[in-house]
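Per UniProt numbering, the sequence shown runs over residues 1 to 347.
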Amino acid sequence: MYTTKVQRTYGSRSAKSRGTLVPPSSPPSALASSPPASPVPTRPLKRSFSEVSEENIPPIFSFKRTKTLPKASSSKLKQKPQAKEKTKSQKTLTQLHFNIDQTILRTCSLCDLSYTKGAPDDEALHRAHCLRVRQGMEWGREEEKDRVRGTNDIVTEVASDVKLKGKNKRGRIICVPADTGGKIGAKLSILFQTINLSLSAPDLPPSVLQSSKVYLFLTPQESQAHRERIVGCVIAQRIETAMKVVPAPSSSSTSPTAPTVTVDGETGLFCSPTLLPTHMGIPRLFVSSSHRRMGVATALLDAAAATFIHGCRLDKSKGDIAFSQPTGMGQAVMKSWGQGGVRVYEE
Ligand SMILES: CC(C)(COP(=O)(O)OP(=O)(O)OC[C@H]1O[C@@H](n2cnc3c(N)ncnc32)[C@H](O)[C@@H]1OP(=O)(O)O)[C@@H](O)C(=O)NCCC(=O)NCCS
């Protein structure tokens with residue numbers, strides 16, 4: 001049995017160590033530079049889903065009464081009067097301990113971001129990020145004003161009146177080119193930073209953004225009906241090839257098995273190394289935590305499959321669509337939405 005391990009996009013993979021066993025699936029580009037790194041607090045690259053509470057971190061110093069000087073006998077005190085004075089002033093001393101194994105790095109249980117407690121910049125960045133992860137970003141008047149460039153409307157509404165599962169709430173889906181500039185571009189850039197930080201994923205290079213569309217799920221704000229919030233986002237990218245998902249190789253079998261690529265050993269995601277022609281890749285998929293399990297990701301993926309290539313509805317069950325190395329939650333959506341037909345590609 002021959003098993004190859006593929007590098008992960010999210011989590012463990014650093015930009016430097018992004019070695020490839022399988023060539024990247026996205027088309028090559030003339031643009032080589034990446035956007036500058038975002039000014040965000042550092043955080044562990046790979047995190048488990050178990051969340052650490054913010055509250056129970058002990059202080060860095062612990063005060064412990066470990067030593068009280070013993071009281072000297074009276075005869076000894078008579079012989080050495082200066083020693084008596086010293087003993088009186090040092091009756092109870094407190095030993096300070098410096099606990100170097102305790103950390104001021106906190107991991108937020110709501111957004112999972114690790115940041116330095118007490119560093120004003122880190123705390124401010126955490127607050128803003130946490131709000132965006134939980135509630136999404138606003139889509140307001142400024143963005144609507146910027147939607148027409150010359151004679152072109154750069155924002156296309158691809159679905160309206162989409163019902164959220166289990167809620168008496170509806171939303172709509174719009175599509176925007178991923179490399180849009182202006183006010184919409186600035187908003188997308190903050191959205192992408194938030195998503196990348198949440199997924200511990202690198203920035204998508206301009207070459208990828210040029211061949212991508214962004215699908216946004218918007219819901220009306222409760223307080224201001226004319227304003228909306230971006231509660232879900234799918235980036236859909238033009239790709240050339242991807243790998244078919246296959247069952248885990250059996251270690252008990254004695255007959256030679258086909259080679260497999262290990263995409264995620266922990267969750268047991270394996271692929272066949274053969275690169276198959278595939279039309280659309282999903283490098284980023286994100287739903288704000290307040291709107292999960294309501295069908296937002298499903299609606300966004302349906303909209304992308306239907307409209308990404310003009311006049312050609314892509315078929316998820318026939319392998320037209322692939323996810324870049326998916327997270328555990330991404331794999332759950334892949335299985336549920338993709339019904340076993342969604343492939344995997346390397347960004
Ligand atoms: C993954 C994610 C985008 C799913 O968004 P969502 O809007 O909640 O997904 P949907 O409501 O459309 O879920 C569709 C189905 O996928 C499966 N699913 C989705 N999230 C799941 C989870 N956390 N655990 C188990 N199954 C899950 C379920 O079968 C679900 O159907 P059900 O709710 O009827 O059981 C969202 O959880 C998220 O943003 N996670 C953090 C970022 C991330 O991991 N992105 C994936 C990158 S590949």
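For glycine and all other residues, C-beta sits at the position ideal for the given N, C-alpha and C.
Note that the structure is a prediction, hence the values are computed from the model and not measured.
Pair within 8 Å by beta-carbon distance, residue i and residue j
i, j, result
"A178", "I235", "yes"
"L197", "M294", "no"
"E143", "K187", "yes"
"F270", "V246", "yes"
"G171", "L218", "yes"
"Q325", "V287", "no"
"L191", "T327", "no"
"S116", "L105", "First, the amino acid is wrong: residue 116 is Thr here, not Ser. It is a contact, given that the beta carbons lie within the stated cut-off."
"D146", "I184", "yes"
"P259", "P277", "no"
"K213", "F308", "yes"
"K316", "A305", "yes"
Per-residue burial, residue i [other beta carbons within 10 Å of its own, 16 or more giving buried]
i, result
"H126", "buried"
"A242", "buried"
"E222", "exposed"
"K244", "buried"
"V148", "exposed"
"S48", "Residue placement at S48 cannot be trusted, given a pLDDT of 34 that sits under 50; the coordinates are not used to answer."
"R141", "exposed"
"D320", "buried"
"D161", "exposed"
"V226", "Correcting the residue type first, residue 226 is His in the shown sequence and not Val. By the neighbour-count rule (16 or more Cβ atoms within 10 Å), H226 is not buried but exposed."
"S33", "Any reading at S33 must be qualified, since the residue scores a pLDDT of 35, below 50, and its modelled position is unreliable; the value itself is stated next. Exposed, because fewer than 16 other Cβ atoms sit within 10 Å of the Cβ of S33."
"K318", "exposed"
"H291", "buried"
"H279", "buried"
"H129", "buried"
"A201", "buried"
"T180", "buried"
Beta-carbon separation (whole angstroms), residue i vs residue j, contact threshold 8 Å
i, j, result
"R229", "G136", "4 Å"
"Q339", "T267", "18 Å between Cβ atoms; not a contact."
"F323", "V296", "The pair is not a contact, with the Cβ atoms about 16 Å apart (cut-off 8 Å)."
"Y215", "L300", "5 Å"
"T92", "V133", "The pair is not a contact, with the Cβ atoms about 49 Å apart (cut-off 8 Å)."
"V342", "M329", "Not quite, the Cβ-Cβ distance comes to about 14 Å (not below 8 Å), so this is no contact."
"Q237", "G281", "4 Å"
task = Specify whether the region 169-187 and the region 150-160 touch according to this definition: at least 3 beta carbon pairs, one from each stretch, less than 8 Å apart.
result = In the pairwise beta carbon analysis, the region 169-187 is classified as touching the region 150-160: at least three pairs are separated by under 8 Å.
task = Please specify which runs of the alpha helix (DSSP H), each continuous and at least 4 residues long, are wholly inside the region 112-148, giving them in chain order.
result = Listed in chain order, they are 120-135, 141-145.
request  = With a floor of 4 residues, list each alpha helix (DSSP H) that falls wholly inside the region 269-308, ordered by position along the chain.
outcome  = Counting only runs of 4 or more, we get 296-307.
ask   = Taking the runs of the beta strand (DSSP E) that are 3 residues or longer, which of them lie wholly in the region 314-344?
value = Qualifying beta strand (DSSP E) stretches, in chain order: 321-324.
inquiry  = Which runs of the beta strand (DSSP E) at least 3 residues long sit entirely within the region 205-272? Give them in chain order.
reply    = Taking 3 residues as the minimum length, the beta strand (DSSP E) runs contained wholly in the region 205-272 are 212-220, 228-238, 241-246, 260-264, in order along the chain.
task = Identify every run of the beta strand (DSSP E) within the region 151-180, keeping only runs that are complete inside it and at least 3 residues long; order them along the chain.
result = With a minimum length of 3 residues, the continuous beta strand (DSSP E) runs that stay inside the region 151-180 are 156-163, 170-177.
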